[in-house]
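To keep things clear, I will list the structure first and then write my remarks on it.
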Amino acid sequence: MAEPAGWCIVSSKEQSVLLWVRDVNGWWVVKKEVPLLKQFGYLKRIRRDEWMKRLRILAMKAGYVYIEFWSIRKSESYILVLNLNTVKLQQIFCNNADERYRGAAFPFFLRLSPLPAADDDKELQDA
């Protein structure tokens, strides 16, 4: 991963995920490359069976890269979550745009409000 408070870029090239960081001269260099088809053999079968040819980086946060692996002939795609620290796919599910209530998927990062403390709950009940 990038140094603390450092900038990094994640890109894709030919079914590989690339992590770019700045070197001491300020140039962008590839620090890590994860070839998905070589690293995860079952993606080869999905690629062949379902014409999954395109890889799109959707987002990156806290060492996780959110990726869409989509078909050039079908309306399906697979949403992958790659942990760059462990180089493991944490989640995978099929997104079929033909199904009702399905379509393009994009990650959103929501900050949840804190839960009320026990004293706060009592004050709410007394009101």
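Residue numbers for the sequence shown follow our numbering, beginning at 193 and rising by one. A virtual CB, placed ideally from N, CA and C, is assigned to each residue, including glycine.
| Check | Outcome |
| --- | --- |
| Which of helix, strand or coil DSSP assigns to L304 | coil |
| S267 versus Q231: straight-line alpha-carbon distance, rounded | 25 Å |
| Y270, buried or exposed, once every other Cβ within 10 Å from all chains shown has been counted against 16 | buried |
| Cut-off 6 Å between Cβ atoms - residues of its own chain near P227, not counting five sequence neighbours on either side | S208 |
| Top-ranked residue by Cα proximity to F261, from L247, L274, S204, A254 | L247 |
| Distance CB(L235)-CB(K223) smaller than 7 Å | no |
| Test item: CB-CB of Y256 and L250 under 7 Å | no |
| Bridge partners - F285, DSSP secondary structure assignment | I271 |
| Exposed unless 16 or more other CB atoms sit within 10 angstroms - verdict on L281 | buried |
| Neighbour-count burial assignment, L304, 16 or more Cβ in a 10 Å radius | exposed |
| Local conformation of E206 per DSSP, three classes | coil |
| Other residues of its chain near I201: CB distance less than 7 Å, five sequence neighbours each side excluded | W212, W220 |
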